[in-house]
C-alpha cells in the first residue's frame, strides 16, 4: 500500500520517528524510495529527511524552496531535478551524501513544497538500479531523438582547441560501438583525476529556458570510475558549470552550487546511458557554451 502526502501550497510533510526497528546503512549503501508526482498538481520540490538523533540528514529534488539545513552539505543535499510526473520513479540517495554511512535511522519524513506526491517502497539498497522507466537509449547509428541538437559527434565543434589532463582525445569505432555517428571518444584508464576537453569553438551551443544538456556515457565494467563529471565553459564565468555522478572526489567548485551539482549515483556500467542536466541546475539558462570537459576519477568512460 502506498502513502499519499498532503496537498496544498507551501511546505507539507508526513513522517514517523522512534521506530523500534531502525534501518542501518552500511558503507556504499543507498536509501531508496519510490515516488509518484501528481501531473495535475506538481510540487516544486520534494525532500526526504532522515532521523538519527536529529533530522539533519536531507536530500531534495527540484527547486530549493524548503529552508532546512545548509545547501551542499549532508543536511541539505540536492539530488537534481524533479523526477518525471505521472509515473512511479525510483529515488536513490547514497548514504555517504547525507552523512548516514554506518548509521541507523529511526525515522523518515516525506516532504513536498506545493503539489502532491504519493510514496511507496522505502528502504535501502546495496547497489544502484536504474529507474523502472529510463529514458530510451537509441541504437548505435540511430539519428537524434526529436528536439535534440547534436553538438559533439565524430569530431569536436569547429575551431575548438583540444587538450587533456593525463589523457588525450581518443576516437574509437568499437568496444563499445558508438551510440550515434561513426566514432565515440574514450578516456584513458587512470587511478585518479583525468579528463579531456575542448574550448574556443566558433560554433557555441546556446541554451534556452527549460532546456537540458545531454550526453551518452558508457562506463567500462572492468575499469569502473568512482565519479564522472561534465564541465562546460562559458566566456564570462569560464569553467564554473559542473555536474557529477557518483562519489565526490573531484575537488572543483563548491558542492551543491552551479559549479558542482550532484546528479545522483553512477549510471549502470557496460551499457550506454543517456545523462541529462537541466541547464538551470548549472547556471546555463540563457547562456552559450563554447567548451566542454569530460572528467572522471579513476576508471574509463566512453562518451
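Numbering (this note's numbering), first residue to last: 275 to 577.
Beta carbons: idealized from backbone N, C-alpha and C, even for Gly.
Nearest to residue i by alpha carbon, out of the options?
i: residue 293; options: 436, 278, 327; result: 327
i: residue 548; options: 452, 278, 522; result: 452
i: residue 434; options: 573, 285, 564, 422; result: 564
i: residue 277; options: 396, 303, 313; result: 396
i: residue 298; options: 325, 448, 543; result: 325
i: residue 524; options: 510, 541, 543, 504; result: 504
i: residue 323; options: 349, 537, 471, 469; result: 349
i: residue 315; options: 360, 513, 555; result: 360
i: residue 472; options: 539, 513, 526; result: 513
i: residue 522; options: 332, 290, 511, 540; result: 540
i: residue 384; options: 311, 422, 437; result: 311
What are the partner residues of residue i, as DSSP defines its beta bridges?
i: residue 392; result: 278, 310
i: residue 505; result: 516, 567
i: residue 386; result: 286, 320
i: residue 526; result: In DSSP, residue 526 forms no bridge with anything.
i: residue 545; result: DSSP lists no partner for residue 545.
i: residue 397; result: 306
i: residue 445; result: 459
i: residue 550; result: 488
i: residue 575; result: 493
i: residue 562; result: 480
i: residue 531; result: 534
Output the distance between the C-alpha atoms of residue i and residue j, rounded to the nearest integer angstrom.
i: residue 287; j: residue 341; result: 14 Å
i: residue 370; j: residue 520; result: 10 Å
i: residue 517; j: residue 558; result: 12 Å
i: residue 445; j: residue 501; result: 22 Å
i: residue 562; j: residue 355; result: 21 Å
i: residue 391; j: residue 493; result: 33 Å
i: residue 573; j: residue 305; result: 25 Å
i: residue 398; j: residue 351; result: 18 Å
i: residue 432; j: residue 529; result: 32 Å
i: residue 347; j: residue 429; result: 38 Å
i: residue 353; j: residue 536; result: 6 Å
i: residue 480; j: residue 487; result: 10 Å
i: residue 560; j: residue 507; result: 14 Å
i: residue 386; j: residue 423; result: 34 Å
i: residue 380; j: residue 317; result: 26 Å
For the beta strand (DSSP E) containing residue i, list its first residue and its last residue.
i: residue 438; result: 435 to 439
i: residue 366; result: 362 to 368
i: residue 489; result: 486 to 493
i: residue 333; result: 332 to 336
i: residue 349; result: Here residue 349 belongs to no beta strand (DSSP E), and DSSP marks it neither H nor E.
i: residue 377; result: 377 to 379
i: residue 299; result: 297 to 299
Just to check, is the beta-carbon of residue i closer than 7 Å to a non-hydrogen atom of the ligand SAM?
i: residue 528; result: In the structure on display, the ligand SAM does not appear, and there are no ligands present to speak of.
Q.
At 4 residues or longer, what runs of the alpha helix (DSSP H) sit wholly inside the stretch 447 to 479?
A. none
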